[in-house]
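K.L.:
The structure under discussion is supplied below as structure tokens; questions concerning it will follow.
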Amino acid sequence: MIKNVKKLLLARVFCAVIALFALNLFSFVFSNKFIFVIFTALVMLIYMFYISSIAFENGAKDKRYNRVKPFKAVCESLISEIPAALLLVWLLLSRSSFDVAGFFYDLWQAPFWLLLSVDNVIFNLEKVTPLHFLVLFFIPVLYSVSYLVGVKTTKLLTPAETNKELKG
3 MIKNVKKLLL
13 ARVFCAVIAL
23 FALNLFSFVF
33 SNKFIFVIFT
43 ALVMLIYMFY
53 ISSIAFENGA
63 KDKRYNRVKP
73 FKAVCESLIS
83 EIPAALLLVW
93 LLLSRSSFDV
103 AGFFYDLWQA
113 PFWLLLSVDN
123 VIFNLEKVTP
133 LHFLVLFFIP
143 VLYSVSYLVG
153 VKTTKLLTPA
163 ETNKELKG
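In structure tokens:
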């Protein structure tokens, strides 16, 4: 379980670094917002695809070993969203749009910049949208659905098929 949570957190950090690089490159060097929007959308799609592939693989593996636990998948994905929830609470309690909490929230939510930005600002206390709260549930829902799809689409092998697969 911890290994899967680490994968989810590392994927988020990796996408945050890529998006931060894109922000610097496309916004300040090239001054092109359109390319930045396209790149941010690609980062979000790649992030979601990677998360769903991890969940699908875990669901298939759990079915093969006869240890399907959908609640475990939900818990793993919810645990991976705890930093985002804590940063959002910290940001709402700080009552300031630009401070340390805002910087870390913007950085952590980098894969979702395209959805969360309002007037090219990711977080502004005057413009808190419902998406700031709903985005906390995107990954748990995606992860859980992908896990269940992995469980449902994987067929169990007979002992003879398993031996044949192991031999060669």
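In case it helps, my numbering puts the sequence shown at residues 3 to 170.
Glycine is no exception: its CB is placed at the ideal position from the N, C-alpha and C atoms.
Here's the rule I'm using: 16 or more other beta-carbon atoms within 10 Å means buried, otherwise exposed. How should L93 be labelled?
P.N.:
As a first step, residue 93 is located in the sequence shown; it is residue number 91 there, counting from the start. Counting Cβ neighbours within 10 Å, L93 comes out buried, since at least 16 surround it.
K.L.:
Can you tell which of T156, N165, K169 and V15 has its C-alpha closest to the C-alpha of R66?
P.N.:
As a working note, residue 66 is residue 64 in the sequence shown. For R66, the nearest C-alpha among the options comes from T156.
K.L.:
Touch check for the segment 39 to 48 and the segment 128 to 142: three-plus C-beta pairs under 8 Å?
P.N.:
No: the two stretches stay apart, fewer than three of their Cβ pairs being nearer than 8 Å.
K.L.:
Taking the beta carbon of F51 as the centre, do at least 16 other beta carbons fall within 10 Å, making it buried, or is it exposed?
P.N.:
As a first step, residue 51 must be located in the sequence shown, where it is residue number 49. Looking at its Cβ environment, which holds fewer than 16 other Cβ atoms inside 10 Å, F51 is exposed.
K.L.:
Can you tell me whether DSSP reads K63 as helix, strand or coil?
P.N.:
As a working mapping, residue 63 is identified with position 61 in the sequence shown. Residue state, collapsed to three classes: helix.
K.L.:
How is the alpha helix (DSSP H) around N6 delimited, first residue to last?
P.N.:
Numbered from 1 along the sequence shown, position 4 holds the residue referred to as residue 6. Segment I4 to A24, the alpha helix (DSSP H) holding N6.
K.L.:
By the DSSP assignment, the alpha helix (DSSP H) with F139 in it spans what residues?
P.N.:
Residue mapping note: residue 139 aligns to position 137 of the sequence shown, counting from 1. Per DSSP, F139 belongs to no alpha helix (DSSP H) and is neither H nor E.
K.L.:
Buried or exposed for F23, going by 16 or more other Cβ atoms inside 10 Å?
P.N.:
The residue given as residue 23 occupies position 21 in the sequence shown. It is exposed - the Cβ of F23 has fewer than 16 other Cβ atoms within 10 Å.
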